[in-house]
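Heads up, the thing below is written out as structure tokens.
2 protein chains.
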Amino acid sequence: MSKEVINLLFAIDDQFVWQMMTTLLSAKTNTPGRTIKAFVISKEPLEKERDLLRFGDSIDVEIEPIYVGTEAFEKAPVTKRWPESIYYRLLAHNYLPDNLSRILYLDADILVINDLSDLYDMDMKGHMYVASQHSAFQKFTDNINKVRLNNYDMNGYFNSGVILMDLNKKCEIVREEDIIEYISAHHRNLLLPDQDVLNGMYSQYTLSVPERIYNYDTRYPVYYEATTFGAFDLETVIQKTVILHFCGKEKPWFSGYTARFSALYKHYWFKAQHILETR
Amino acid sequence: MSKEVINLLFAIDDQFVWQMMTTLLSAKTNTPGRTIKAFVISKEPLEKERDLLRFGDSIDVEIEPIYVGTEAFEKAPVTKRWPESIYYRLLAHNYLPDNLSRILYLDADILVINDLSDLYDMDMKGHMYVASQHSAFQKFTDNINKVRLNNYDMNGYFNSGVILMDLNKKCEIVREEDIIEYISAHHRNLLLPDQDVLNGMYSQYTLSVPERIYNYDTRYPVYYEATTFGAFDLETVIQKTVILHFCGKEKPWFSGYTARFSALYKHYWFKAQHILETR
Numbered sequence: 001m002s003k004e005v006i007n008l009l010f011a012i013d014d015q016f017v018w019q020m021m022t023t024l025l026s027a028k029t030n031t032p033g034r035t036i037k038a039f040v041i042s043k044e045p046l047e048k049e050r051d052l053l054r055f056g057d058s059i060d061v062e063i064e065p066i067y068v069g070t071e072a073f074e075k076a077p078v079t080k081r082w083p084e085s086i087y088y089r090l091l092a093h094n095y096l097p098d099n100l101s102r103i104l105y106l107d108a109d110i111l112v113i114n115d116l117s118d119l120y121d122m123d124m125k126g127h128m129y130v131a132s133q134h135s136a137f138q139k140f141t142d143n144i145n146k147v148r149l150n151n152y153d154m155n156g157y158f159n160s161g162v163i164l165m166d167l168n169k170k171c172e173i174v175r176e177e178d179i180i181e182y183i184s185a186h187h188r189n190l191l192l193p194d195q196d197v198l199n200g201m202y203s204q205y206t207l208s209v210p211e212r213i214y215n216y217d218t219r220y221p222v223y224y225e226a227t228t229f230g231a232f233d234l235e236t237v238i239q240k241t242v243i244l245h246f247c248g249k250e251k252p253w254f255s256g257y258t259a260r261f262s263a264l265y266k267h268y269w270f271k272a273q274h275i276l277e278t279r
Numbered sequence: 280m281s282k283e284v285i286n287l288l289f290a291i292d293d294q295f296v297w298q299m300m301t302t303l304l305s306a307k308t309n310t311p312g313r314t315i316k317a318f319v320i321s322k323e324p325l326e327k328e329r330d331l332l333r334f335g336d337s338i339d340v341e342i343e344p345i346y347v348g349t350e351a352f353e354k355a356p357v358t359k360r361w362p363e364s365i366y367y368r369l370l371a372h373n374y375l376p377d378n379l380s381r382i383l384y385l386d387a388d389i390l391v392i393n394d395l396s397d398l399y400d401m402d403m404k405g406h407m408y409v410a411s412q413h414s415a416f417q418k419f420t421d422n423i424n425k426v427r428l429n430n431y432d433m434n435g436y437f438n439s440g441v442i443l444m445d446l447n448k449k450c451e452i453v454r455e456e457d458i459i460e461y462i463s464a465h466h467r468n469l470l471l472p473d474q475d476v477l478n479g480m481y482s483q484y485t486l487s488v489p490e491r492i493y494n495y496d497t498r499y500p501v502y503y504e505a506t507t508f509g510a511f512d513l514e515t516v517i518q519k520t521v522i523l524h525f526c527g528k529e530k531p532w533f534s535g536y537t538a539r540f541s542a543l544y545k546h547y548w549f550k551a552q553h554i555l556e557t558r
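Listed below in structure tokens is the structure:
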């Protein structure tokens with residue numbers, strides 16, 4: 001499968017265009033020799049769409065905007081805590097071209113610091129999804145989650161920020177009605193909308209990959225170092241980790257953010273802006 | 280002058296090949312659209328010369344090794360504290376091609392994080408050198424330096440890690456005999472060999488550029504932020520600073536180094552190694 005196009009999926013609104021450009025620039029820069037194509041799902045055309053497309057041209061990444069339209073999800077439960085956009089990654093297969101068999105969904109608070117190829121090309125062993133479990137300071141244990149999300153086949157609790165998707169499997173397994181029904185039935189127990197649905201409904205279809213490589217929670221460098229008996233120190237992270245995920249409320253694009261990976265993130269952030277300004 | 284080749288000069292031994300590759304990769308990556316050529320001065324051919332040339336090919340930078348030979352500087356004062364290599368940058372014009380008019384010397388403990396063009400293309404206003412003064416915690420004041428280095432025309436004390444050189448002026452002004460004579464006469468007062476000679480002999484031929492842009496001492500982020508009343512915070516450094524200089528004994532390629540710019544430096548360090556391993 002090597003050397004095929006790497007398809008990336010983002011689901012953003014106008015507030016996250018610059019962040020997405022940063023993620024995309026980092027993915028392109030650190031995955032040399034691969035063609036990268038990005039599908040960007042939003043409700044309606046983004047105000048900054050022209051900027052985004054121009055940016056894609058500048059870094060040699062084809063960007064294909066996809067609009068779900070204002071009428072989709074009219075009947076789905078939607079509140080402030082449940083914005084419609086949570087459905088986009090869950091139901092991405094309904095909006096993507098039919099000929100696509102695989103895609104990597106990425107949140108826009110992500111920096112790709114090493115080559116994506118090993119993840120993208122991996123043998124999914126018949127699973128629909130590949131994702132990582134965030135183990136540090138997880139709010140509930142697996143057993144509590146099984147009860148809370150009413151899924152006794154649950155195969156761990158996965159973070160929904162990085163999901164490799166087999167789109168053929170997804171077409172077979174994931175149905176919009178099921179998701180709407182599940183949310184209606186369990187909304188009182190759900191805390192992290194898309195992530196809880198992912199785990200409540202599809203955990204057993206998900207293959208686990210190591211979080212410290214593919215979904216490193218940047219809040220917890222000490223945790224990763226301690227749980228590997230010192231092996232996963234900063235040097236190893238920079239050398240081996242593919243995806244840094246800036247989870248939590250403190251975001252690396254905030255001007256006061258000075259945590260461990262701040263300089264690295266901001267470097268790509270300002271490079272992206274500079275590219276947009278000068279080309 | 281824009282769009283001409285940017286000529287870089289390094290003076291290293293085999294201990295600094297990987298560091299130099301990191302500096303070079305960062306310079307190339309962050310100065311897009313410019314051709315970069317690197318001259319590397321060493322006493323004899325480097326053991327890792329083939330690696331270095333292969334690396335240059337991989338990142339599209341022409342590397343030209345220059346050997347000063349074992350017989351040069353036979354009569355110059357040389358001790359452990361005064362390795363012969365300190366003469367290389369001082370006398371670079373004797374070893375470089377005649378048709379070269381300008382070159383930027385860089386230490387190998389440097390990371391270039393933004394475009395070098397503004398520095399390289401600047402109007403030197405008739406000066407032989409352009410460099411920056413390191414003001415934070417400088418060991419001596421300007422007046423003490425004037426006495427210590429016996430130069431009452433001294434125009435500030437410049438750091439010798441980043442020097443833009445007008446090679447025509449340098450041929451007019453700098454003579455090997457003068458340098459050897461100066462060192463012989465003043466060696467008791469000299470602490471930082473090449474830097475003291477640069478300042479003791481040529482400070483008045485040197486144009487000053489802001490250190491926080493062109494020679495940012497990574498040990499003192501708090502100093503730069505405080506002396507600009509908060510304006511030069513991390514975000515501004517990443518956006519505006521061109522050259523980070525990892526001065527001092529703690530080096531960013533050490534595995535335990537975790538200071539503010541550690542992740543950024545190591546990112547380029549491992550990218551350089553990866554390029555060498557895979558291409």
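These protein sequence lines are chains R and B, in that order.
Per this note's numbering, the very first residue in the first sequence carries number 1; after that it's consecutive.
Per this note's numbering, the very first residue in the second sequence carries number 280; after that it's consecutive.
Quick reminder that beta carbons are idealized off the backbone N, C-alpha and C, glycines included.
Legend: CB atoms of the region 241-256 of chain R lying less than 7 Å from CB atoms of chain B belong to residues Ser255.
Residue contact with chain R for Leu385(B): absent (no Cβ-Cβ distance below 7 Å to any residue of chain R). Between the alpha carbons of Phe232(R) and Tyr224(R) lies a distance of about 6 Å. For the region 542-555 of chain B, the set of residues with a beta-carbon nearer than 7 Å to any beta-carbon of chain R comprises Ala542, Leu543, Lys545, His546, Phe549, in chain order. In this chain, Tyr157(R) is not harboured by any alpha helix (DSSP H), its DSSP state being neither H nor E.
Less than 7 Å divides the Cβ of Ser132(R) from the Cβ of Asn159(R). In terms of beta-carbon proximity, Phe232(R) stays away from the interface with chain B, with every pair separated by 7 Å or more.
For Glu456(B), the nearest beta carbon of chain R is not closer than 7 Å to its own beta carbon.
Gly335(B) is not a Cβ neighbour of Ile345(B), given a cutoff of 7 Å. No Cβ-Cβ contact shorter than 7 Å links Ile492(B) with Val516(B). In terms of beta-carbon proximity, Glu235(R) lines the interface with chain B, with at least one pair separated by less than 7 Å.
Burial check for Ser541(B): the Cβ neighbour count within 10 Å reaches 16 or more, so the residue is buried. Among the bridge pairs identified by DSSP, Ala38(R) is matched with Leu8(R), Ile63(R). Boundaries for Arg102(R): no alpha helix (DSSP H) harbours it, while the beta strand (DSSP E) harbouring it runs 102-106, taken from the DSSP string. Contact holds between the region 368-385 of chain B and the region 286-300 of chain B, because three or more Cβ pairs, one in each stretch, are under 8 Å apart. Taking the C-beta atoms as reference points, Asn309(B) is found nearer than 7 Å to Ile392(B).
For Arg498(B), there are no C-beta contacts with chain R under 9 Å, since the nearest C-beta of that chain is about 14 Å from it. Interface criterion not met: the Cβ of Thr301(B) is under 7 Å from no Cβ in chain R. Within a 10 Å sphere around the beta-carbon of Ile179(R) sit 16 or more other beta-carbons, which makes this residue buried. Between the alpha carbons of Leu513(B) and Ala185(R) lies a distance of about 47 Å. Here DSSP, grouped into helix, strand and coil, assigns Ser396(B) to helix. Around Gln412(B), no beta-carbon contact reaches into chain R at under 9 Å, the shortest distance being about 24 Å.
For Ile59(R), the closest of Tyr88(R), Thr22(R), Pro45(R) by C-alpha to C-alpha distance is Thr22(R). When beta bridges are read from the DSSP output, Tyr495(B) appears opposite Leu523(B). Minimum Cα-Cα distance from Lys75(R) among the listed residues Asp123(R), Glu177(R), Val5(R), Asp153(R) corresponds to Glu177(R).
Collapsing the DSSP output to three states places Ala131(R) in a strand. Straight across, the Cα-Cα distance linking Pro362(B) with Lys530(B) is about 20 Å.
Less than 7 Å separates the beta-carbon of Glu326(B) from that of Asp293(B). In this structure, the beta-carbon distance from Ser208(R) to Gly156(R) falls below 7 Å. In this structure, Phe525(B) lies near Thr497(B), with their beta-carbon atoms less than 7 Å apart.
Bounds of the alpha helix (DSSP H) holding Ser262(R) are 262-278.
Any Cβ of chain R closer than 7 Å to the Cβ of Ile285(B) would place that residue at the interface, and such an atom is absent.
Inclusion of Leu244(R) and Leu167(R) in the CB contact set at 7 Å is not warranted, their separation being larger than that value.
Excluding its 5 nearest sequence neighbours in each direction, Ala306(B) has C-beta neighbours in its own chain below 7 Å: Leu287, Ile315, Val391, Leu395, listed in chain order. For chain R, none of the residues of the region 342-367 of chain B brings a beta carbon within less than 9 Å of one of its beta carbons. By a beta-carbon distance limit of 8 Å, Gly230(R) does not contact Asn151(R). Their separation comes to about 36 Å.
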